[in-house]
Amino acid sequence: MELVCPAGTPAALRAAVDAGADAVYLGFRDETNARNFPGLNFSPAELAEAVAYAGQRRRKVFVAINTFPRAGAEGLWHRAVDTAAELGAAAVILADIGLLDYAARRHPSLRLHLSVQASASHPAAIRFYHEAFGVRRVVLPRVLTVADIAALNESLPVEAEVFAFGGMCPMAEGRCSLSSYVTGQSPNMSGVCSPASHVRYERRGEDLVLLLGGSIINRFGPDEPAGYPTLCKGRFSVEGRASYLFEEPTSLNTADILAELKAAGVSALKIEGRQRGRAYIAAAVSSFRALIDALEAARPAPPAIVRELRGLAEGQRGTSGAFGKSWR
Amino acid sequence: MTSQLSLGPVFFNWDPDSWRDFYFRIADEAPVDTAYVGEVVCAKRSPLFLQHMDAVVDRLQKSGKRVVMSSLALIGNEREAAAMRELAADDDRCVEINDIGLVPAASGRHYHLGPFINIYNEATLAYLAGRGARLACLPPELPAASIVRLAAGAPLELEVFAFGRLPLAISARCFHARAHHLHKDGCQFVCNRDPNGLAIDTLDGEPFLAINGTQTLSYTCCNLIGDLDQLVEAGIGRFRLSPLAIDMVAVARVFRDALDARLGPSEAMARLAALAGDLVFSNGFFHGMEGRRFQPLHQPEVE
Chain A
0 MELVCPAGTP AALRAAVDAG ADAVYLGFRD ETNARNFPGL NFSPAELAEA
50 VAYAGQRRRK VFVAINTFPR AGAEGLWHRA VDTAAELGAA AVILADIGLL
100 DYAARRHPSL RLHLSVQASA SHPAAIRFYH EAFGVRRVVL PRVLTVADIA
150 ALNESLPVEA EVFAFGGMCP MAEGRCSLSS YVTGQSPNMS GVCSPASHVR
200 YERRGEDLVL LLGGSIINRF GPDEPAGYPT LCKGRFSVEG RASYLFEEPT
250 SLNTADILAE LKAAGVSALK IEGRQRGRAY IAAAVSSFRA LIDALEAARP
300 APPAIVRELR GLAEGQRGTS GAFGKSWR
Chain B
0 MTSQLSLGPV FFNWDPDSWR DFYFRIADEA PVDTAYVGEV VCAKRSPLFL
50 QHMDAVVDRL QKSGKRVVMS SLALIGNERE AAAMRELAAD DDRCVEINDI
100 GLVPAASGRH YHLGPFINIY NEATLAYLAG RGARLACLPP ELPAASIVRL
150 AAGAPLELEV FAFGRLPLAI SARCFHARAH HLHKDGCQFV CNRDPNGLAI
200 DTLDGEPFLA INGTQTLSYT CCNLIGDLDQ LVEAGIGRFR LSPLAIDMVA
250 VARVFRDALD ARLGPSEAMA RLAALAGDLV FSNGFFHGME GRRFQPLHQP
300 EVE
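Structure follows, in C-alpha cells:
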C-alpha cells in the first residue's frame, strides 16, 4: 500500500518525504484547494522545488485542486491544473466535473485522482468518473465500512485510496454546507470549513465557550480539554439534552485495521492534515511507514509505534470511524 | 414564458397515509406544474411509501402535473445502487438523479439533476447537459452571482430552491437514531416523530439546525419570495418549494400569485409568515452571506 501524506508548507513536505512518504499531496495558495488556510500551501515556485526534492528521492507529489470552480472564474482553476501539469506533479486530485473534463482534454497524459470531495461512494459513481475522464484513483469517502470497501474493490476499475489517520468528517464530503450556512465560508467554494477567522473563545465563569460565527458550538468545563473548533465536532442540545450529536471528539486511526484494509484491496493510505505542523507530520508519517513495512514483511505491528499514534491524536480518542459498521 | 412552480420531494418520514393525502391534496389544489416524488434521504424508508406510490403518481398525473421520481442523495451499498439504477432506467417515468453515478443509467431518457449534484459552474453544467440532462435544480448554497452566470446561456432548464428547510448535509450515520441512543440498524424509525425535522439548539438555547435521519437541514426556512423578480430577470423559470408540514397548497398559491404579479413582495412575505407559524425565514445563501441570515425586502444589500 502506498503511503500518501499531507504537506501545508515546504518544510512539512521535506519532513514527510524524509519520514517515508511514498507520495505527498499539497495545494496552491488560493481557493482552488480545500485547505485554503492563511499561511498555508504552495506557490508555483515552491511546487517546483517540492517536485524536485521528492523526485530526487523517487517520491511523488500530488496537487489537490479539489474545490468547485466559481461560475465565471474558472480560469483560476484551469491555471492551477496547467501549472501542476507543467511543473511535473505526478497527479492532480480533482472533484469538479467541469474541471475533470478540462484536465482530461487539455492534459491527456496527466494522471487524475478523484478527490474525496467528489463523494463517489459506490461503484457506478466511481465508474462514471473513470469512463468519462479517465480517473485512475479514487479517494474513498469516509463513510464506508471495510466490508463496503472490499465489495467495492471487486468491481472497481481504479485504485482505491482511503483515509488512514487524522480528522474525519461525519458528513459525506463535498456535500456539506454547514460551514457556509453558519459562517458564509464554504468548503466547496472557498476551500475552508469552520474558518479560524470566524472562531472565538470566551471565558464564561469557569467555563471556556467556543463560538463559530457568533453561535456557541461547545463549552468546556475547567477540567475538560478544549476540542477542535469544527462545527460537526461541536456539542449541541436536542430536546434539552446536550451531546456530541454528529461526531465525538475523536480522531481517525486505522493502525489496528491496516491488514483488513490491505485485504480489502486498498491501494493507498492517506494521512489527513495539511494544516498540521512539521513535527506532527514527521511523527505520523514515520509511524505509518513502520506499520506498513511491518505489514508487508508479515511482521507484527511494533507496539511502541501503535502507542505513539494513539498519543498523536492530541488527547482525543482514536476511532476506526466509519470503517466499522457500529459507527453508523 | 410563464414561470413554473415545482414541489420538491418530501424529505421527512411522514406517516405513509399522511404522505399520500398530502400529495392527493397537492394534486387537487396546488398550482404547481411539477411534483417530485420519492425517498431522497434514507433507503430504509423507501418501502414505507411503496404501497401508495402508484396512487400518488396517478393522481398527480391526472391533475395535469408532471411527475418526476427523485433518487436517493447518498447511495450506500450495492442494493441501494441497483434500486436507483432501476429507477433511473425506467422508460415510463422521468427521474431526478441526486447521485452522479446514475448519469449512465439515466442517459437517453428525460432526466433531471437534483440539488444534491454539485453544479457550481458553467463547465459542469455544460458537461452534464451534454450527457443528456434536461433540467438542473441548482445547489441551494449558490449565491445570486453564480446563479446569474449559470442562467446566462444555460444549455438546459434551471430550477432554484426557493422555499423550505435547506438540505445542508447528508451522512451514512443517522443522527436521529443517535439522538435517541439507537443504532442505525435498529433505529425504530424514530425520525417519524418529527414531521419538520428535529430542531437542534446550541448549548445556550439558540435554534441552530434540524436533523432528519441521516440528513442535516437548516433550522431556518429558505424563502426567496422577495428575490423572485431578480431570479426571473436572470432567466430562471422554475422555482422549487420543498415540503414542510404546513399548508403547502397555500404556500404554492402565494408563490403563484407573486410570480403572476397578483401579489406584491411585501404582501406575499406577510402571507408566507402567517403560514409558516414558528418557522424563521432565511435567504442568506442567495445574497452571498451566511445561509441562515435573512436580507429583508427593499434594503441595500450588505457587501
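First to last, the sequence lines map onto chains A and B.
Quick note, the first sequence lines up with residues 0 to 327 if you use numbering that gives the first Met the number 0.
Quick note, the second sequence lines up with residues 0 to 302 if you use numbering that gives the first Met the number 0.
For glycine and all other residues, C-beta sits at the position ideal for the given N, C-alpha and C.
Remember, it's a predicted structure, so these values are computed and weren't measured experimentally.
Where residue i sits in the DSSP three-state scheme
i	result
B:V301	Note that B:V301 has pLDDT 48, beneath the 50 cutoff, so the model's placement of it is unreliable and the number below is only indicative. Correct three-state label for B:V301: coil.
A:Y200	strand
A:I216	strand
A:F164	strand
A:G317	strand
B:E266	helix
B:D123	Position check: residue 123 of chain B holds Thr in this sequence, whereas Asp was assumed. Three-state result, B:T123: helix.
B:H179	coil
A:M170	coil
B:D203	coil
A:Y227	coil
A:V91	strand
A:G7	coil
B:M68	strand
B:I169	strand
B:Q229	helix
A:E158	strand
B:C41	coil
B:S5	strand
B:F280	strand
B:Q304	This structure leaves residue 304 of chain B out entirely; chain B is present only between 0 and 302.
Buried/exposed call for residue i, threshold 16 Cβ in 10 Å
i	result
A:Y200	exposed
B:V231	exposed
A:A278	exposed
A:D147	buried
A:K59	buried
A:Q184	buried
B:V301	Low confidence applies to B:V301: its pLDDT is 48, below 50, so where it sits in the model is not reliable, and the reading given next is rough at best. Classification for B:V301: exposed.
B:T1	exposed
B:P299	In this prediction, B:P299 has a pLDDT of 47, which is less than 50 and means its spatial position is unreliable; what the coordinates show is noted afterwards. Under this definition B:P299 is an exposed residue.
A:R327	buried
B:D200	buried
B:R237	buried
A:E30	buried
Nearest residue (CA-CA) to residue i, options the options
i	options	result
B:A161	B:A151, B:A144, B:C136 and B:V147	B:C136
A:N35	A:R273, A:R58, A:W326 and A:G310	A:R273
B:A178	A:T249, A:F235, A:A296 and A:A44	A:F235
A:E153	A:V91, A:S266 and A:P169	A:S266
A:V23	A:Y243, A:R57 and A:P37	A:R57
A:E205	A:F287, A:P37, A:P221 and A:I216	A:P221
A:V62	A:R105, A:R218 and A:L109	A:L109
A:G87	A:A44, A:E73, A:A119 and A:L139	A:A44
B:G290	B:D277, B:C220, B:A244 and B:A267	B:C220
A:T182	B:R292, B:L296 and B:P166	B:R292
A:A103	A:M167, A:R28 and A:G133	A:G133
A:H121	A:P107, A:V137 and A:H106	A:V137
B:P138	A:A89, A:R69 and A:A119	A:R69
B:R19	B:V55, B:L4 and B:A34	B:V55
A:F162	A:A289, A:K261, A:A83 and A:P37	A:K261
B:L71	B:Q60, B:K64, B:I96 and B:L47	B:I96
A:M188	B:T33, B:C41, B:G225 and B:M288	B:M288
B:A34	B:S281, B:Q294, B:R239 and B:A249	B:R239
A:S250	A:G320, A:I64 and A:P194	A:G320
A:G323	A:A263, A:A296, A:V145 and A:L151	A:V145
Rounded distance between the beta-carbons of residue j and residue i, thought under 8 Å
i	j	result
B:N12	B:F207	With 8 Å as the limit, B:N12 and B:F207 do not qualify as a contact, their Cβ atoms being about 21 Å apart.
A:A33	A:P186	6 Å
B:S241	B:G37	Going by Cβ atoms, the distance from B:S241 to B:G37 rounds to 14 Å, so no, they are not a contact pair.
A:I280	A:A15	5 Å
B:I235	B:L274	Contact flag wrong, Cβ pair sits at about 23 Å.
B:L216	B:P166	6 Å
_Contact between the stretch 73-87 of chain A and the stretch 95-113 of chain A is defined here as three or more beta-carbon pairs at a separation below 8 Å; is this criterion met?_
yes
*Would you call the stretch 168-176 of chain B and the stretch 201-216 of chain A touching, i.e. three or more CB-CB distances under 8 Å?*
no
*asked:* Closer than 8 Å is the cut-off here; do at least three beta carbon pairs connect the stretch 106-125 of chain B with the stretch 145-159 of chain A?
replied: no
*Touch test, the stretch 5-19 of chain A against the stretch 168-180 of chain A, Cβ-Cβ under 8 Å, three pairs minimum*: no
*Using 8 Å as the threshold, is the stretch 193-201 of chain B in touch with the stretch 10-27 of chain B, meaning 3 or more CB pairs across them?*
yes
_Assess contact between the stretch 86-103 of chain B and the stretch 14-29 of chain B, defined as three or more Cβ pairs (one per stretch) separated by less than 8 Å. Is contact present?_
no
*asked:* Closer than 8 Å is the cut-off here; do at least three beta carbon pairs connect the stretch 265-272 of chain B with the stretch 245-256 of chain B?
replied: yes
_Quick check: the stretch 116-129 of chain B against the stretch 77-88 of chain B, are at least 3 beta-carbon pairs closer than 8 Å?_
no
*Given 8 Å as the limit, is there contact between the stretch 98-111 of chain B and the stretch 126-134 of chain B, that is, 3 or more CB pairs closer than that?*
yes
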